[in-house]
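Following numbering that gives the first Met the number 0, the numbering of the sequence shown begins with 0 at its first residue and continues without gaps.
The beta carbon of each residue, even a glycine, is placed where N, CA and C say it ideally should be.
Notes to accompany the following structure.
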Amino acid sequence: MMTMKISLSLSSPRNCRELTMGTRHFNCRAPISHLLPSHRPSSKPPSLHAQTVNPPPSVSRTKNPSSRRLFLLSLPARALLLAAATNDAANVLHCYALEGFDPVSPDERSASAAKSLRVAEAVGLLEKGRELQAQGDFGKALFYFTQVIEGYKDFALSEYARVGRALALYEVGDREEAIAEMEDVAISLKGYPEVHAALAAALYVDKHALLLAENQFTIATLLDPHYTDLSYVKETKHWPPSLVSSLQQFITLT
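Below is the structure:
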């Protein structure tokens, strides 16, 4: 049986190689200097801090640090003060511009004042007519309601004056004109329960139109069930006695 043993020794400058085959021994020594580097590396690695680069002299070294710090701190404050002063000046100019600007012309202002005066006059006449109606003075109430209708027909409140005028006409005896007024207002103020209830009572008693009266009264009571109560129309709505009587006849079908 053949065995081989190879050993390398680095304890000496030269290497020794021993080769053994069976019982025969061969000793061989050969230099391996060509495999090693030509020079030994230094035992100590070069220090990274061997060479120190001196930084250029700082500005803070040449100047007073305290003065530089004060300058840096004072710069934002001055900028803020300047911005605040600029903003205040802009606000002052804006206020002056607003004070000098008037979106309403003198003609528009005069027209608005005249319109407000007319509205106040119309409301005053309407309230006066209702006050006289509540007192039972239907003749004078008719006068004020008529003034509202004739002088302020361009206002929507004139339609409510027509309701009061129709009730007053019914009481003073002009029932034909009163019913005609009620029929017109029932269209212009459709859904206003008082005029529908008053028209129902007048149609039943004066026109003997039971079906039309039922239709009008259905509209009125759907909107306001109080019109089935005679005390409500007498004490709260201040209907004239003649119309209260007609409503009673309609409700009782007498």
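Endpoints, alpha helix (DSSP H) assigned at residue i
i: S115; result: 105 to 134
i: D183; result: 174 to 187
i: E170; result: 156 to 171
i: T235; result: No alpha helix (DSSP H) contains T235, which DSSP labels as neither H nor E.
i: L141; result: 137 to 150
i: P102; result: Here P102 belongs to no alpha helix (DSSP H), and DSSP marks it neither H nor E.
i: P239; result: Here P239 belongs to no alpha helix (DSSP H), and DSSP marks it neither H nor E.
Cβ neighbours of residue i in the same chain (closer than 7 Å, five flanking residues each side left out)
i: D223; result: P192
i: K233; result: V243
i: E180; result: R161, R164, A165, L168
i: D183; result: none
i: K127; result: Y143
i: E176; result: L168
i: T253; result: none
Residue j beta carbon less than 8 Å from that of residue i
i: L131; j: E158; result: no
i: R164; j: L141; result: yes
i: A121; j: Y151; result: yes
i: L242; j: L229; result: no
i: R174; j: A201; result: yes
i: I218; j: H195; result: yes
i: A167; j: I148; result: no
i: T227; j: T235; result: no
i: G135; j: V171; result: no
i: A133; j: H237; result: yes
i: P102; j: Y169; result: no
Beta-carbon proximity list for residue i, same chain, < 8 Å, skipping 5 on both sides
i: F249; result: A199, A200, Y203, V204, A212, F216
i: G190; result: I218, L222
i: L210; result: none
i: L156; result: A121, V122, L125, V147
i: N90; result: none
is_contact[residue i, chain D] using C-beta, thresh 8 Å
i: R108; result: The structure shown contains no chain D, having only a single protein chain.
Contact set for residue i: own chain, Cβ-Cβ below 6 Å, skip 5 residues either direction
i: Q146; result: L124
i: F154; result: A121
i: T22; result: Bear in mind that a pLDDT of 42 at T22, under 50, signals an unreliable position, so the number given afterwards is only what the model happens to contain. Cβ neighbours of T22 beyond the five flanking positions: none.
i: T251; result: none
i: A225; result: Looking at the sequence provided, one finds His at residue 225 rather than Ala. Excluding sequence neighbours, H225 sits near Y231.
i: V118; result: none
i: L116; result: none
message = Which runs of the alpha helix (DSSP H) at least 4 residues long sit entirely within the stretch 186 to 214? Give them in chain order.
response = 192 to 205
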